[in-house]
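Visitor:
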Amino acid sequence: MTEFSVRSLTCEYREALLGTDVRVPRFGWKLESDRRGTIQTAYRVQVAESEDSFDAPTWDSGRIDGDQSVFLEYGGPAVRSRTRYYYRVKAWDNHGRETEWSRPCWWETGLLSPEEWKAEWITPDPEAIDPHAIEAFLLRTEFCAKPGIRSARIYATAAGVYELYANGARVGEDVLAPGWTSYRERHQYQTYDVTDLLRGGENVIGITLGDGWYKGELTWLSKRNIYGDRRAALLQLCIGYEDGSEEWVVTDRAWEAATGAIRMSELYAGELYDARMARKDWSEAGEPDGEWHGTVEVPLGYGQLVAQENDPTRVTEKLAPQAVLRTPQGDRVLDMGQNLVGRMRFSLDLSEGAHVRLRHAEVLDKDGNFYTGNLRKAKQTVEYIAGETGRVSYAPHFTFQGFRYVLVEGLELLSDESLKDGFVAEVLHTDMEPTGLFESSNARVNRLQQNIVWGQRGNFLEVPTDCPQRDERLGWTGDAQVFIRTAAFNYHVGPFFTKWLRDLKADQRDTGSVPYVVPNALEDYTSTMWGDKTYTSSAWGDAATVCPWTVYQVYGDRRLLEEQYGSMKAWVEFIRAQGDEESLWNTGFHFGDWLALDAHEGSYFGATPVELVATAYYALSTRILRDAAAVLGKDEEAGEYGRLLEDIVAKFRETFHTSEGRMAALTQTANILPLVFGLVDGEDRKRIAADLNELVRKNGYHLDTGFVGTPYLCLALSENGYHDTAVKLLLQDTYPSWLYSITKGATTIWEHWDGIKPDGTFWSDDMNSYNHYAYGAIGDWMYRYVAGLDLDDSAPAYKLARIRPGCSNEELTFARASFESAYGRVASGWRVEGGEVFVDVDVPANAGADILLPGAQLASATESGSPLQNAEGVRSLAQTEEGVRLTVGSGSYRFRFPTVDAN
Ligand code: RAM
Numbered sequence: 008m009t010e011f012s013v014r015s016l017t018c019e020y021r022e023a024l025l026g027t028d029v030r031v032p033r034f035g036w037k038l039e040s041d042r043r044g045t046i047q048t049a050y051r052v053q054v055a056e057s058e059d060s061f062d063a064p065t066w067d068s069g070r071i072d073g074d075q076s077v078f079l080e081y082g083g084p085a086v087r088s089r090t091r092y093y094y095r096v097k098a099w100d101n102h103g104r105e106t107e108w109s110r111p112c113w114w115e116t117g118l119l120s121p122e123e124w125k126a127e128w129i130t131p132d133p134e135a136i137d138p139h140a141i142e143a144f145l146l147r148t149e150f151c152a153k154p155g156i157r158s159a160r161i162y163a164t165a166a167g168v169y170e171l172y173a174n175g176a177r178v179g180e181d182v183l184a185p186g187w188t189s190y191r192e193r194h195q196y197q198t199y200d201v202t203d204l205l206r207g208g209e210n211v212i213g214i215t216l217g218d219g220w221y222k223g224e225l226t227w228l229s230k231r232n233i234y235g236d237r238r239a240a241l242l243q244l245c246i247g248y249e250d251g252s253e254e255w256v257v258t259d260r261a262w263e264a265a266t267g268a269i270r271m272s273e274l275y276a277g278e279l280y281d282a283r284m285a286r287k288d289w290s291e292a293g294e295p296d297g298e299w300h301g302t303v304e305v306p307l308g309y310g311q312l313v314a315q316e317n318d319p320t321r322v323t324e325k326l327a328p329q330a331v332l333r334t335p336q337g338d339r340v341l342d343m344g345q346n347l348v349g350r351m352r353f354s355l356d357l358s359e360g361a362h363v364r365l366r367h368a369e370v371l372d373k374d375g376n377f378y379t380g381n382l383r384k385a386k387q388t389v390e391y392i393a394g395e396t397g398r399v400s401y402a403p404h405f406t407f408q409g410f411r412y413v414l415v416e417g418l419e420l421l422s423d424e425s426l427k428d429g430f431v432a433e434v435l436h437t438d439m440e441p442t443g444l445f446e447s448s449n450a451r452v453n454r455l456q457q458n459i460v461w462g463q464r465g466n467f468l469e470v471p472t473d474c475p476q477r478d479e480r481l482g483w484t485g486d487a488q489v490f491i492r493t494a495a496f497n498y499h500v501g502p503f504f505t506k507w508l509r510d511l512k513a514d515q516r517d518t519g520s521v522p523y524v525v526p527n528a529l530e531d532y533t534s535t536m537w538g539d540k541t542y543t544s545s546a547w548g549d550a551a552t553v554c555p556w557t558v559y560q561v562y563g564d565r566r567l568l569e570e571q572y573g574s575m576k577a578w579v580e581f582i583r584a585q586g587d588e589e590s591l592w593n594t595g596f597h598f599g600d601w602l603a604l605d606a607h608e609g610s611y612f613g614a615t616p617v618e619l620v621a622t623a624y625y626a627l628s629t630r631i632l633r634d635a636a637a638v639l640g641k642d643e644e645a646g647e648y649g650r651l652l653e654d655i656v657a658k659f660r661e662t663f664h665t666s667e668g669r670m671a672a673l674t675q676t677a678n679i680l681p682l683v684f685g686l687v688d689g690e691d692r693k694r695i696a697a698d699l700n701e702l703v704r705k706n707g708y709h710l711d712t713g714f715v716g717t718p719y720l721c722l723a724l725s726e727n728g729y730h731d732t733a734v735k736l737l738l739q740d741t742y743p744s745w746l747y748s749i750t751k752g753a754t755t756i757w758e759h760w761d762g763i764k765p766d767g768t769f770w771s772d773d774m775n776s777y778n779h780y781a782y783g784a785i786g787d788w789m790y791r792y793v794a795g796l797d798l799d800d801s802a803p804a805y806k807l808a809r810i811r812p813g814c815s816n817e818e819l820t821f822a823r824a825s826f827e828s829a830y831g832r833v834a835s836g837w838r839v840e841g842g843e844v845f846v847d848v849d850v851p852a853n854a855g856a857d858i859l860l861p862g863a864q865l866a867s868a869t870e871s872g873s874p875l876q877n878a879e880g881v882r883s884l885a886q887t888e889e890g891v892r893l894t895v896g897s898g899s900y901r902f903r904f905p906t907v908d909a910n
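Encoded structure:
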């Protein structure tokens with residue numbers, strides 16, 4: 008066993024990155040150390056063009072003093088297109104040790120410039136196949152390869168969504184490629200390694216092509232052709248031979264086109280698959296089945312093409328049905344036991360012409376009947392018509408459903424048992440790496456955590472959506488910004504938000520205004536309800552500042568911050584140009600504390616004045632911009648925005664405070680925002696915190712907040728001396744509360760606190776999602792203030808963790824959380840037992856932690872059985888009013904001390 012080693016190498020966040028167009032990639036690594044207090048003192052990185060040519064490296068950083076192990080920039084000669092590079096790392100530490108070279112890892116470039124695209128965008132000849140047909144198109148080409156194939160790569164994308172085949176086999180596992188971006192500006196292409204799928208002699212490449220986000224039905228306005236009215240595919244295959252020669256196969260007019268079994272496949276509507284029309288073996292060599300037609304070129308150009316940025320959508324889990332139900336109305340329904348997003352696959356023996364129909368729903372109504380009202384116009388229906396009698400394994404292609412229940416028709420002869428055995432749900436989402444765990448002594452709180460995670464999975468499919476089931480599924484900016492911090496605990500969302508923020512920037516107007524949704528599928532939308540000619544709202548557009556800043560804090564991605572800085576600044580300048588005065592945003596349309604319960608009956612707009620919300624967020628965005636400017640070394644701008652912030656804060660107080668320094672608006676949200684956005688201090692802060700506590704208490708420890716107040720309610724309480732109240736809110740299970748939905752059987756977070764009312768009836772059909780992560784933003788507080796796992800703002804990426812165990816309530820006896828940070832696993836956990844508190848902290852090598860042991864006394868606290876003073880790894884130690892405060896270096900620590908009562 009090595010005691011000190013380098014592991015988990017990454018390039019641009021990824022372990023094996025195939026097909027990137029990043030020209031100056033950044034490396035990261037983690038250190039494994041069996042000694043406490045390990046800090047890297049130097050490192051060395053080498054890059055080579057093969058695994059065994061490190062003796063003649065392309066780049067050798069040499070030994071560099073320093074502790075940087077996150078986002079180290081490649082410093083070698085310009086990278087070339089279509090090249091695989093290998094890299095390895097070694098490190099030295101403060102204990103005088105040196106690691107072995109790490110295991111080499113690789114990354115591979117894609118096509119670095121538009122000129123390298125030799126292929127044409129192609130589509131079926133419109134004379135033969137109606138371009139607006141709803142059938143999926145099939146495209147194929149046959150070619151002869153020489154023997155001795157050394158490597159083969161496909162670079163491909165589609166205006167639409169596509170699946171790729173080579174010699175009859177599906178290429179890769181991506182679903183709904185090329186994903187959804189602001190296609191006009193940014194269109195992702197994918198890279199596939201097909202070396203093992205090709206052979207010397209005849210080969211076939213096939214593409215199936217659906218409408219997807221590009222051309223298919225999108226938004227509740229049933230818009231089509233948002234990005235273009237022609238589906239098209241673009242592909243080039245490069246074959247490298249042993250003899251050093253290269254050959255290209257590209258999409259051009261020589262490709263043939265047809266339609267086949269996929270008669271319809273749409274994001275909202277579902278799929279109709281008629282196996283009788285399948286083109287047998289169409290992507291295999293030989294004369295293809297049935298009549299094929301020509302193709303034509305579509306002049307879509309290459310300037311918008313970018314290599315895949317986020318993790319692709321994939322099947323990440325398979326779930327078996329939990330039960331087969333018979334509803335009072337007589338429907339046979341599969342219960343998956345979990346509201347999820349994905350598709351059903353069945354493996355069944357079917358006779359020719361059998362017609363299977365699957366409908367998908369999130370909930371059953373109060374009588375136990377299948378309920379689809381809240382899907383609005385989204386049909387979510389998948390139909391399969393069998394071809395030849397025999398065994399079939401099938402799942403739909405260019406669609407996904409949000410569901411827990413599946414109504415099955417056409418399989419009446421199958422027993423319940425066989426039905427159950429024949430089906431499985433394939434969970435689909437952007438394939439992010441899981442990074443966080445949270446657990447406590449309360450089973451319902453644990454279910455809440457699970458529901459938050461499921462909500463994230465269901466709604467992080469290509470873009471952060473508000474809901475995955477009805478005719479909407481859009482990238483609402485407000486939802487994304489309130490949830491991002493929680494999201495960044497549960498999963499690695501660096502690549503996901505990098506991509507989405509670039510889309511946000513692409514769709515931002517020249518004025519700096521940020522659309523409601525990104526990608527902006529509501530470009531020309533105006534609503535009488537929302538006020539004509541408004542394109543943005545406070546707390547929604549602020550995604551422009553909050554999201555890049557969060558990615559910077561959590562992962563240390565300074566480059567993204569730099570890239571987005573212009574967009575962040577444009578947003579703040581946009582706000583500055585609104586309002587009657589420079590430091591106030593009191594004009595225009597705002598969603599405000601959307602869906603808050605203090606709204607008028609039947610209204611979606613909460614009672615907190617929208618000007619208050621707008622100005623508070625204006626301050627938050629300005630603060631973030633100021634801090635970002637400081638991080639980026641733009642001192643003058645940091646100064647300027649610092650002054651603007653002061654003006655906004657002063658104006659906020661002048662406008663929204665009473666003469667006694669209270670909030671004039673008596674809502675929970677009005678009292679939350681100034682506390683969490685740093686708009687008050689001193690006595691005013693204390694008074695407002697007390698008022699908030701009182702509002703909650705008077706409400707029987709119930710919240711009445713919406714999208715804006717909810718994410719910060721508990722945080723405002725915990726940070727201002729009312730942690731007990733916050734925990735009471737968490738544990739509340741009567742309506743309205745987080746746990747209320749769990750008493751109603753929720754397995755995801757709901758859009759409305761009363762999505763299902765206490766009497767079992769539903770909130771109105773018109774806007775009632777049962778899978779909506781916004782209120783799941785409580786997760787951030789659970790990690791940071793209950794388990795106590797946080798980061799120090801001055802040291803991004805958890806270089807310095809901030810551990811504040813939230814053990815204060817008798818009803819919770821333990822909580823623990825862990826997070827896989829850029830430095831490695833950091834964890835905080837506490838347990839109260841027999842008058843003692845046990846706190847466990849794990850800090851990865853090359854990082855540290857600032858820990859508060861709440862209520863502890865120096866004299867009686869121990870670490871692994873010894874007095875704290877003697878503990879190895881402790882850098883500083885102090886008794887404070889709140890308890891013992893200490894900073895430690897890396898390692899695992901086990902603290903123990905009497906509870907305050909026992910003291
Ligand atoms: C609805 C959803 C969404 C929200 C917008 C304003 O479409 O609730 O989450 O952001 O309204």
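The numbering used here applies: residue 8 is where the sequence shown begins, and numbers increase by one. The beta-carbon is built from N, C-alpha and C at its ideal position, and this holds for glycine as well.
1. Leaving aside the five residues before and after arginine 14 along the sequence, list all residues of the same chain whose C-beta is less than 6 Å from its C-beta, in chain order.
2. Can you give the beta carbon distance from threonine 622 to glycine 599, rounded, assuming they're within the 8 Å contact cut?
3. Suppose you measure from the CA of tryptophan 837 to the CA of aspartate 740; what does that come to, to the nearest Å?
4. Check each candidate in Ile161, Gly167, Arg411, Gly337 and name the one with the smallest Cα separation from aspartate 203.
5. By how many angstroms is the C-alpha of threonine 552 removed from the C-alpha of threonine 505?
6. Nearest to glycine 267 by CA position, among Leu627, Tyr378, Thr164, His404, is which residue?
7. Pairing CB atoms from the stretch 392–407 with CB atoms from the stretch 342–354, are three or more of them under 8 Å?
8. How should glutamate 22 be labelled, buried or exposed, when 16 other C-beta atoms within 10 angstroms of its C-beta is the threshold for buried?
9. Kindly indicate the opening and closing residues of the alpha helix (DSSP H) around proline 555.
10. So if DSSP puts isoleucine 156 in a beta bridge, which residue, or which two residues, is it bridged to?
11. Look up valine 620 in the DSSP assignment and say whether it is helix, strand or coil.
12. Using the rule of at least 16 other Cβ atoms within 10 Å of the residue's Cβ for burial, across every protein chain shown, is serine 610 buried or exposed?
13. Return the CA-CA distance between alanine 696 and isoleucine 459, expressed in angstroms with no decimal places.
14. Starting from the Cα of threonine 258, find the closest Cα among Val907, Val211, Gly247 and give me that residue.
15. Across which residues does DSSP place methionine 670 in a beta bridge pair?
16. Tell me the start and end of each unbroken alpha helix (DSSP H) in the stretch 704–767 that is at least 4 residues and wholly inside, in chain order.
17. Could you tell me whether the Cβ atoms of alanine 264 and proline 131 are closer together than 8 Å?
18. Would you check if the distance between the CB atom of tryptophan 912 and the CB atom of tyrosine 81 is smaller than 8 Å?
19. For the ligand RAM, is there any heavy atom lying closer than 7 Å to the beta carbon of glutamate 479?
20. Does any heavy atom of the ligand RAM sit closer than 7 Å to the C-beta of histidine 730?
21. Tell me, to the nearest whole angstrom, how far the beta carbon of alanine 626 is from that of leucine 686; I am working on the premise that it is less than 8 Å.
22. Touch check for the stretch 770–777 and the stretch 473–489: three-plus C-beta pairs under 8 Å?
23. Since tryptophan 255 is in the beta strand (DSSP E), which residue starts that stretch and which ends it?
24. In angstroms, rounded to a whole number, what distance separates the CA positions of glycine 462 and arginine 791?
25. Following the continuous beta strand (DSSP E) through threonine 17, name the residue where it begins and the one where it ends.
26. Given that a residue counts as buried once 16 or more other Cβ atoms are within 10 Å of its Cβ, and exposed if not, what is asparagine 346?
27. Helix, strand or coil: how does DSSP classify lysine 506 here?
28. Sorry if obvious, but does the Cβ on glycine 485 come closer than 7 Å to a heavy atom of the ligand RAM?
29. With a floor of 4 residues, list each alpha helix (DSSP H) that falls wholly inside the stretch 396–431, ordered by position along the chain.
30. With H, G and I counted as helix, E and B as strand and the rest as coil, what does DSSP make of leucine 145?
31. For tryptophan 262, is the beta carbon positioned less than 7 Å from some heavy atom of the ligand RAM?
32. Would you call proline 921 buried or exposed, if buried means 16 or more other Cβ atoms sit within 10 Å of its Cβ?
33. Does the Cβ-Cβ distance between leucine 119 and alanine 152 come in under 8 Å?
34. Taking DSSP as the reference, what is the three-state secondary structure of serine 590?
35. Quick one, which of Asp100, Lys230, Leu796, Ala432 has its alpha-carbon nearest glutamate 479's?
Guide: Result, derived from the coordinates:
1. Along the sequence shown, read from residue 1 onward, the residue named residue 14 stands at position 7. Answer for arginine 14: Lys37, Glu39, listed in chain order.
2. The count along the sequence shown starts at 1 and reaches residue 622 at position 615. The count along the sequence shown starts at 1 and reaches residue 599 at position 592. Taking 8 Å as the upper bound for CB-CB distance, threonine 622 and glycine 599 are not in contact here, some 12 Å apart.
3. For the purposes of this step, residue 837 is identified with residue 830 of the sequence shown, where counting begins at 1. For the purposes of this step, residue 740 is identified with residue 733 of the sequence shown, where counting begins at 1. Rounded to the nearest angstrom, the two C-alpha atoms are 24 Å apart.
4. Within the sequence shown, residue 203 is the residue found at index 196, counting from 1. The shortest C-alpha separation from aspartate 203 is found at Ile161.
5. The residue you call residue 505 lines up with position 498 of the sequence shown. The residue you call residue 552 lines up with position 545 of the sequence shown. If I take the Cα positions, the gap works out to 13 Å.
6. As a working note, residue 267 is residue 260 in the sequence shown. Distance check between glycine 267 and each of Leu627, Tyr378, Thr164, His404 places His404 closest, using alpha-carbon atoms only.
7. Taking 8 Å as the limit for Cβ pairs, the verdict is that the stretch 342–354 does touch the stretch 392–407.
8. Translated into positions along the sequence shown, residue 22 becomes position 15. With fewer than 16 Cβ atoms within 10 Å of its Cβ, glutamate 22 is classed as exposed.
9. For the purposes of this step, residue 555 is identified with residue 548 of the sequence shown, where counting begins at 1. That run of the alpha helix (DSSP H) goes 550–562.
10. Here residue 156 corresponds to residue number 149 of the sequence shown, with the count starting at 1. Bridge pairing for isoleucine 156: Tyr248 [DSSP].
11. The count along the sequence shown starts at 1 and reaches residue 620 at position 613. Residue state, collapsed to three classes: helix.
12. In the sequence shown, counting from the first residue as 1, residue 610 sits at position 603. Answer is exposed; the Cβ neighbour count stays below 16.
13. Translated into positions along the sequence shown, residue 696 becomes position 689. Translated into positions along the sequence shown, residue 459 becomes position 452. Taking the straight line joining both Cα atoms gives about 27 Å.
14. Here residue 258 refers to the residue found at position 251 of the sequence shown. Minimum Cα distance to threonine 258 is reached at Val211.
15. Position 663 of the sequence shown holds residue 670. Methionine 670 is bridged to His664.
16. Segments of the alpha helix (DSSP H) lying fully in the stretch 704–767: 717–726, 730–738, 747–750.
17. Working through the sequence shown from its first residue, we reach residue 264 at position 257. Working through the sequence shown from its first residue, we reach residue 131 at position 124. In this structure, alanine 264 lies near proline 131, with their beta-carbon atoms less than 8 Å apart.
18. Nothing can be reported for residue 912, as the shown portion of the chain is limited to 8 through 910.
19. Within the sequence shown, residue 479 is the residue found at index 472, counting from 1. For the ligand RAM, at least one heavy atom lies less than 7 Å from the Cβ of glutamate 479.
20. Translated into positions along the sequence shown, residue 730 becomes position 723. For the ligand RAM, not one heavy atom lies less than 7 Å from the Cβ of histidine 730.
21. In the sequence shown, counting from the first residue as 1, residue 626 sits at position 619. In the sequence shown, counting from the first residue as 1, residue 686 sits at position 679. With a Cβ gap of about 6 Å, alanine 626 and leucine 686 count as contacting.
22. Judged by pairs of C-beta atoms under 8 Å, the stretch 770–777 touches the stretch 473–489, as three or more such pairs exist.
23. In the sequence shown, residue 255 corresponds to position 248, counting from 1. 253–257 is the extent of the beta strand (DSSP E) around tryptophan 255.
24. Here the question's residue 462 lines up with position 455 in the sequence shown. Here the question's residue 791 lines up with position 784 in the sequence shown. Here the alpha carbons of arginine 791 and glycine 462 stand approximately 20 Å from one another.
25. Position 10 of the sequence shown holds residue 17. Run containing threonine 17: 11–18, per the beta strand (DSSP E) assignment.
26. Taking the sequence shown and counting its residues from 1, the one referred to as residue 346 is at position 339. By the 10 Å Cβ count, asparagine 346 comes out buried.
27. Here residue 506 corresponds to residue number 499 of the sequence shown, with the count starting at 1. Helix at lysine 506.
28. Taking the first residue of the sequence shown as 1, we reach residue 485 at position 478. Yes, since a heavy atom of the ligand RAM falls inside the 7 Å radius drawn around the Cβ of glycine 485.
29. Fully contained in the stretch 396–431 are the following alpha helix (DSSP H) runs of length 4 or more, in chain order: 423–429.
30. Mapped onto the sequence shown, residue 145 falls at position 138. In this structure, leucine 145 counts as strand in the three-state DSSP scheme.
31. Sequence index remark: in the sequence shown, residue 262 carries index 255 (1-based). No, the Cβ of tryptophan 262 stays beyond 7 Å of every heavy atom of the ligand RAM.
32. With the chain represented from 8 up to 910, any question about residue 921 goes unanswered, as that position is not in the structure.
33. Translated into positions along the sequence shown, residue 119 becomes position 112. Translated into positions along the sequence shown, residue 152 becomes position 145. No, the Cβ-Cβ distance between leucine 119 and alanine 152 is not below 8 Å.
34. Counting from one through the sequence shown, the residue named residue 590 turns up at place 583. If DSSP states are grouped into helix, strand and coil, serine 590 belongs with coil.
35. The sequence position of residue 479 within the sequence shown is 472, counting from 1. Per the Cα distances, Lys230.
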